[in-house]
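Just so you know, the sequences run in chain order A and B. All letters in the first sequence, in the order written, are residues 1 to 157 by this note's numbering. All letters in the second sequence, in the order written, are residues 1001 to 1157 by this note's numbering. In what follows, a single structure is set out as structure tokens and then discussed.
Protein chains: 2
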Amino acid sequence: MLFSTKAEYGVRLMVELGRQPGSQPVSLGSVAEAENLPLSYLEHLVAKLRKAGLVTSTRGAHGGYRLAKPAEEITMDAVVEALEGQIAPMECFHDSPEGKVLCSHESDGDDACSTKLLWMRVQGGVTKALAGTTLAELVEFSTRSAPTRAAVLDSVA
Amino acid sequence: MLFSTKAEYGVRLMVELGRQPGSQPVSLGSVAEAENLPLSYLEHLVAKLRKAGLVTSTRGAHGGYRLAKPAEEITMDAVVEALEGQIAPMECFHDSPEGKVLCSHESDGDDACSTKLLWMRVQGGVTKALAGTTLAELVEFSTRSAPTRAAVLDSVA
DNA sequence: GCATAACCGACCGCTTCAGTAGGATTTGAA
DNA sequence: TTCAAATCCTACTGAAGCGGTCGGTTATGC
Chain A
1 MLFSTKAEYG
11 VRLMVELGRQ
21 PGSQPVSLGS
31 VAEAENLPLS
41 YLEHLVAKLR
51 KAGLVTSTRG
61 AHGGYRLAKP
71 AEEITMDAVV
81 EALEGQIAPM
91 ECFHDSPEGK
101 VLCSHESDGD
111 DACSTKLLWM
121 RVQGGVTKAL
131 AGTTLAELVE
141 FSTRSAPTRA
151 AVLDSVA
Chain B
1001 MLFSTKAEYG
1011 VRLMVELGRQ
1021 PGSQPVSLGS
1031 VAEAENLPLS
1041 YLEHLVAKLR
1051 KAGLVTSTRG
1061 AHGGYRLAKP
1071 AEEITMDAVV
1081 EALEGQIAPM
1091 ECFHDSPEGK
1101 VLCSHESDGD
1111 DACSTKLLWM
1121 RVQGGVTKAL
1131 AGTTLAELVE
1141 FSTRSAPTRA
1151 AVLDSVA
């Protein structure tokens, strides 16, 4: 698996928040119940989302969580990265301050990484998919009728 | 990380085999030395490649491994899948006999997976990158001069 | 002041990763 | 025919991450 359930649960949580139109916060408990996920585990995940500035929280009774930005401005690369950590196809990939992607093998006089081209392409494909999908899209998609959804999915393939 | 070092090592191994023009087999030991990887670990990886029909082996003295097909006909989705197992963005994705990708959440009366659209796109991006890259490309890429490689990589971004 | 929430840290069983170790088997060559 | 080189196979191990659970603390509305 490329991603663990942290991404799955976390995205579902975000979608659930995105569904609520009102400005009042949603409690984690109600999200957990709606999505049938363990509350105490969601607490860990939402903490990551909060630290990443994707949701805001209000404490105390009738508290809960809200999206920090409108759903149209939240892209999935930020969400998944907050949950799973740096997204790279391979250990040796780390983003340099400047050029974005570097392979740590290259510096040691070694003649170049034979795999770099491959991982660059994979990286490109993944980030394009994640950055090109907004939370608003997922919210809308999940509230559509089944036939309409099928049509959307066909357009992906 | 999307993939573990199994994919990294395995692809390097394949490239190393692809480099050898002759029809005589290459010993794992020489590959391990050339790529500076632990021989006994490579044994596990090459076993997966063999079982997947990507390499063939000849035992005994002066034995070793060869590509089972010309490098132009070997695409990286087969290689990576042999090493890492089924490639899917999420646990709940499994390929049905017919339709390719299904989400296991959908069957239980639950109204649809809010994440499906996202994972479909990710899946598409990854398989496109993997299936669109041949071993021959990587072999050629890795034997190019540094400036030429840089030009190729620029074209990816 | 009490219920309801967000917060925080520790712990736990399980699986995978990245190797290591040791041996068995096959084969070419001396 | 014996030796060395190689594949093959199984079992083991330490470390890390996954998917939670639990208990407790703090903040807040009623």
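Beta carbons: idealized from backbone N, C-alpha and C, even for Gly. Remember, predicted model here, so these are calculated numbers, not experimental data.
Listed by position along chain A, the residues whose Cβ is nearer than 8 Å to that of residue 1128 of chain B are 125. One finds 114 and 115 in chain A with Cβ atoms closer than 8 Å to the Cβ of residue 1012 of chain B, taken in chain order.
Assigned with DSSP and collapsed to three states, residue 1003 of chain B falls in coil, not helix or strand.
Residue pairing by DSSP puts residue 1026 of chain B in a beta bridge opposite B:1065.
Residues of the region 1130 to 1146 of chain B with a Cβ closer than 8 Å to any Cβ of chain A, in chain order: 1130, 1132, 1133, 1137, 1138, 1139, 1141, 1142 and 1146. Membership of residue 1057 of chain B in the beta strand (DSSP E) is indicated by the continuous run 1055 to 1058. The CB of residue 148 of chain A never comes closer than 9 Å to any CB in chain B; the least such distance is about 11 Å. A residue is called buried when at least 16 other Cβ atoms come within 10 angstroms of its Cβ; residue 89 of chain A meets this threshold and is buried. Residue state for residue 75 of chain A is assigned as strand, using DSSP reduced to three classes. Going by DSSP, residue 1120 of chain B is part of the alpha helix (DSSP H) stretching over 1116 to 1131.
Put simply, the CB of residue 1156 of chain B is near chain A, with a gap under 9 Å to one of its CB atoms. Beyond the five residues adjoining it in sequence on each side, residue 1137 of chain B comes within less than 6 Å, by CB distance, of no other residue in the same chain. Under a criterion of Cβ atoms nearer than 7 Å, the residues of chain B adjacent to residue 5 of chain A are, in order, 1091. Bridge partners of residue 141 of chain A according to DSSP: none are assigned.
Boundaries of the alpha helix (DSSP H) harbouring residue 148 of chain A: 146 to 156, taken from the DSSP string. The Cβ-Cβ distance between residue 66 of chain A and residue 17 of chain A falls below 9 Å. Residue 43 of chain A: member of the alpha helix (DSSP H) spanning 39 to 51, first to last residue. Rounded to the nearest whole angstrom, the CA to CA distance from residue 126 of chain A to residue 1082 of chain B is 20 Å.
Residue 1022 of chain B has its alpha-carbon roughly 46 Å from the corresponding atom of residue 80 of chain A. The region 143 to 150 of chain A and the region 1135 to 1155 of chain B do not touch, with fewer than three beta-carbon pairs separated by less than 8 Å. In this structure residue 12 of chain A is buried. Its beta-carbon is surrounded by 16 or more other beta-carbon atoms within 10 angstroms. Nearest neighbour of residue 61 of chain A by Cα position, chosen from A:26, A:75, A:87 and A:1, turns out to be A:26. Within chain B, 1114 have C-beta atoms less than 7 Å from the C-beta of residue 15 of chain A, given in sequence order. Contact annotation: in the region 22 to 49 of chain A, no residue has its CB less than 8 Å from a CB in chain B.
Contact annotation: residue 1043 of chain B and residue 1054 of chain B have beta-carbon atoms that are not nearer than 9 Å.
With respect to the C-alpha of residue 1095 of chain B, the residue from B:1073, B:1120 and B:1113 having the closest C-alpha is B:1120.
The residues 54, in chain order, have a CB closer than 8 Å to that of residue 69 of chain A in the same chain once the five nearest residues on each side in sequence are set aside. The residues 1014, 1018, 1071 and 1074, in chain order, have a CB closer than 6 Å to that of residue 1135 of chain B in the same chain once the five nearest residues on each side in sequence are set aside.
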